[in-house]
Amino acid sequence: MRSFDLTLAIESFPFILKGLQYTLFVAVISMAIALVFGFILALGRMSKQAYVRIPCMLFISFNRGVPILLLLFLLYAALPEFGFQLSAVAAAIVGFSLNTSAYVAEVNRSALAAVDRGQHEAAASLGLSKAKAMQHIILPQAVRIALPPLSNIFLSLVKMTSIASTIALPELMYQARIVGGREFNYFTVLVVAALIYWGICSLLSLLQRYLEKRFNRYIET
Numbered sequence: 001m002r003s004f005d006l007t008l009a010i011e012s013f014p015f016i017l018k019g020l021q022y023t024l025f026v027a028v029i030s031m032a033i034a035l036v037f038g039f040i041l042a043l044g045r046m047s048k049q050a051y052v053r054i055p056c057m058l059f060i061s062f063n064r065g066v067p068i069l070l071l072l073f074l075l076y077a078a079l080p081e082f083g084f085q086l087s088a089v090a091a092a093i094v095g096f097s098l099n100t101s102a103y104v105a106e107v108n109r110s111a112l113a114a115v116d117r118g119q120h121e122a123a124a125s126l127g128l129s130k131a132k133a134m135q136h137i138i139l140p141q142a143v144r145i146a147l148p149p150l151s152n153i154f155l156s157l158v159k160m161t162s163i164a165s166t167i168a169l170p171e172l173m174y175q176a177r178i179v180g181g182r183e184f185n186y187f188t189v190l191v192v193a194a195l196i197y198w199g200i201c202s203l204l205s206l207l208q209r210y211l212e213k214r215f216n217r218y219i220e221t
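Residue numbers (this note's numbering): 1 to 221.
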């Protein structure tokens with residue numbers, strides 16, 4: 001029976017840690033794309049025009065209803081059959097961006113809808129255009145509302161990048177699996193990987209709390 005090998009943990013730590021750059025790169029880029037695309041989808045989802053609203057609803061429904069693992073294999077393994085070859089990094093970014101944007105869109109839609117209608121009316125009475133009202137009055141309040149769930153989505157995304165190890169993306173989980181297979185001790189290296197994930201997510205949680213305090217100044221007293 002294998003037990004935790006401290007020597008192996010120390011020796012393998014730098015190799016496993018190399019995967020962190022891919023984990024964070026894919027997570028940050030995917031989240032950045034999802035924030036932009038998710039905001040556009042949220043506005044489209046709230047549109048009164050059916051030809052705008054329905055495609056957005058279908059896109060969100062599909063990406064929330066299809067497992068991310070299946071989406072990654074469609075992009076990485078199935079697209080080459082049609083002459084499109086994506087690298088593991090590109091497939092991971094596209095897959096996670098599409099999947100995450102659907103959840104971001106629903107968070108944004110709920111946050112925008114949660115802003116009191118009186119705020120819209122007040123902006124109109126001041127002579128502000130819809131764009132100016134959105135930028136200076138509605139969005140700051142919506143961001144405060146959306147920040148906690150968006151932060152949780154990003155935390156989940158960081159951990160979810162481990163799924164990309166199945167398409168040979170050399171992130172944390174992939175690096176740990178290499179060492180575990182080579183040393184015949186998965187327990188030790190997976191514990192090391194778990195501790196790294198825990199450390200990164202703990203730091204991100206601290207950042208989340210800091211940002212929430214910053215945006216709390218928009219709370220009406």
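Beta carbons are placed, not taken as given, at the ideal position from N, Cα and C, and that holds for glycine.
Cβ-based neighbour list, residue i, same chain, cut-off 7 Å, excluding 5 preceding and 5 following
| i | result |
| --- | --- |
| R214 | none |
| P14 | none |
| G38 | S101, V104, A105 and N108 |
| A34 | S97, T100, S101 and V104 |
| S30 | I93, F96, S97, T100 and L157 |
| V143 | F215 |
Environment of residue i [buried if 16+ CB atoms lie within 10 Å]
| i | result |
| --- | --- |
| Q141 | buried |
| F184 | exposed |
| A77 | exposed |
| S97 | buried |
| T100 | buried |
| G19 | buried |
| N108 | buried |
| V36 | exposed |
| I10 | exposed |
| F82 | exposed |
| S47 | exposed |
| G181 | exposed |
| Y51 | exposed |
| T221 | Note that T221 scores a pLDDT of 44, beneath 50, so its modelled location is shaky and nothing firm can be said. |
Extent of the continuous alpha helix (DSSP H) to which residue i belongs
| i | result |
| --- | --- |
| P80 | Run containing P80: none; DSSP gives neither H nor E here. |
| Q208 | Y186 to F215 |
| Q141 | L139 to M160 |
| A176 | L172 to E183 |
| A111 | A88 to A114 |
Sequence-distant residues of its chain with Cβ nearer than 8 Å to residue i (five each side left out)
| i | result |
| --- | --- |
| L24 | V158 and I200 |
Own chain residues within Cβ distance below 6 Å of residue i, not counting five before or after
| i | result |
| --- | --- |
| A27 | L157, V158 and T161 |
| I153 | Y103 |
| S12 | V179 and V189 |
| Q208 | S151 |
Residue i vs residue j beta-carbon contact at 8 Å
| i | j | result |
| --- | --- | --- |
| I145 | A102 | no |
| I138 | V104 | no |
| I68 | A176 | no |
| G65 | R53 | no |
| L22 | L155 | The amino acid at residue 22 is misidentified as Leu; the sequence shows Tyr. Not a contact, by the Cβ cut-off of 8 Å. |
| L72 | L86 | no |
| A42 | L147 | no |
| A92 | A164 | yes |
| M62 | V191 | For the record, residue 62 in the displayed sequence is Phe; it is not Met. Not in contact: F62 and V191 (Cβ atoms no closer than 8 Å). |
| I167 | A90 | no |
| Y197 | L172 | yes |
Residue-level contact to chain C via CB, residue i, 8 Å cutoff
| i | result |
| --- | --- |
| I40 | The displayed structure is made up of one protein chain only, and chain C is not part of it. |
**Item:** Unbroken stretches of the alpha helix (DSSP H), 4 residues or longer, contained in the segment 6-71
**Value:** 6-17, 20-45 and 50-65
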